[in-house]
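Numbering (my numbering), first residue to last: 71 to 170.
Okay, here's the thing in C-alpha cells:
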C-alpha cells in the first residue's frame, strides 16, 4: 500500500469515528422552549410591565410610548414568517429582548 492509499484510509477511518461520536439531535424544538408562550419571559412579564409604566421604564429604560414608537419604526425589519413547523418570535418580543 502506498502512502496516498494509507492517507485516504486513515481519513476514512477518522470520518467514520467522527460520525459515530457526533450526538444525534433528540428534538426539533426542546420541550422547554415549546412552552415559551406559556412560561416565557416575554409572555409573563411584558404583559404585566405594560400595566405599570414606572416598572416598564425601570426594566427597559424607556417609556411605553417610546417603545411603541420604536417598535412601529422597526417592525418590518424584525418580523419573520411563521412556518408550518413552528411560529416565529414576534417583532415586539425580538425588540424587547434586544433592548433588555
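The beta carbon of each residue, even a glycine, is placed where N, CA and C say it ideally should be. What you are looking at is a predicted structure, and each value in this text was computed from that prediction instead of being measured.
Grouping DSSP H, G and I as helix and E and B as strand, with all else coil, what is residue 159?
Looking at residue 159 - three-state DSSP - the assignment turns out to be coil, as it is neither helix nor strand.
Do you know how far the Cα of residue 158 is from the Cα of residue 120?
Looking at the two C-alpha atoms, the distance is approximately 22 Å.
Consult DSSP for residue 55 and reduce its assignment to one of helix, strand or coil.
Residue 55 lies beyond the range of the chain shown here (71 to 170); nothing can be said about it.
Nearest CA to the CA of residue 128: which residue from 169, 76, 84 and 85?
Looking at the Cα atoms, 169 is the closest of the given residues.
At which residues does the alpha helix (DSSP H) containing residue 147 begin and terminate?
Residues 134–148.
What would DSSP say about residue 88, mapped onto helix, strand or coil?
Helix, per DSSP.
Under the three-state reduction of DSSP, which class applies to residue 164: helix, strand or coil?
DSSP places residue 164 in helix when its eight states are reduced to three.
Three or more beta-carbon pairs under 8 Å between the region 77–92 and the region 142–152, yes or no?
No, they do not touch.
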